[in-house]
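S.K.:
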Amino acid sequence: MSKAHRGTGVRTEPNHGRGKCPRCGKENVKVLYEKEIDGNTVKICKVCNAELKNIARKEARASKAAAAAAAASEAPAEA
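Here the working numbering is used: the sequence shown runs in plain steps of one and ends on residue 88.
Written out as structure tokens, the structure is:
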């Protein structure tokens, strides 16, 4: 089967979604992912989007572990 509809969302973007990523500075990459950075909504590349997601995931895991450790250290003091 043909793949005629692949990339149709990018065709409406200026320069077919390609440009310079404001986060990493790479040029002529697809900048399709909108993220809020320093209070401004900007479009970033796929690599930066994945990097920001990984950073957020690690921070969430660290805060969850810290909360569990704090709860565990308070529990024996009450008993």
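C-beta atoms are modelled at their ideal positions from N, C-alpha and C, and glycine is treated no differently. These numbers come from a predicted model, not from an experiment.
Closest to Ile53 by C-alpha separation, out of Lys35, Ala69, Asn63 and Lys67, would be which residue?
M.R.: Answer by Cα proximity: Lys35.
S.K.: Hey, Thr50 and Glu43 are a contact pair by Cβ (cut 8 Å); roughly how many whole angstroms apart?
M.R.: That belief holds up - the Cβ atoms of Thr50 and Glu43 are roughly 6 Å apart, short of 8 Å.
S.K.: Under the three-state reduction of DSSP, which class applies to Asn49: helix, strand or coil?
M.R.: Strand.
S.K.: Quick check on the DSSP output: the alpha helix (DSSP H) that includes Gly18 runs from which residue to which?
M.R.: It spans Thr17 to Arg20 - the alpha helix (DSSP H) in which Gly18 sits, taken as one unbroken run.
S.K.: Using the three-state DSSP reduction, which class does Arg32 fall into: helix, strand or coil?
M.R.: Reduced to three states, the DSSP call for Arg32 is coil.
S.K.: Whole-angstrom Cβ separation of Val19 and Gly28, contact assumed at under 8 Å?
M.R.: In fact, because the Cβ distance is near 12 Å, the residues do not count as touching under 8 Å.
S.K.: Kindly indicate which residue of Ala78, Ala79 and Pro31 has the alpha-carbon position closest to the one of Asp47.
M.R.: Considering only alpha carbons, the answer is Pro31.
S.K.: Might you give, ordered along the chain, the residues of its own chain that have their beta carbon closer than 6 Å to the beta carbon of Ala88, omitting 5 neighbours on each side?
M.R.: Low confidence applies to Ala88: its pLDDT is 48, below 50, so where it sits in the model is not reliable, and the reading given next is rough at best. Contacts found: none.
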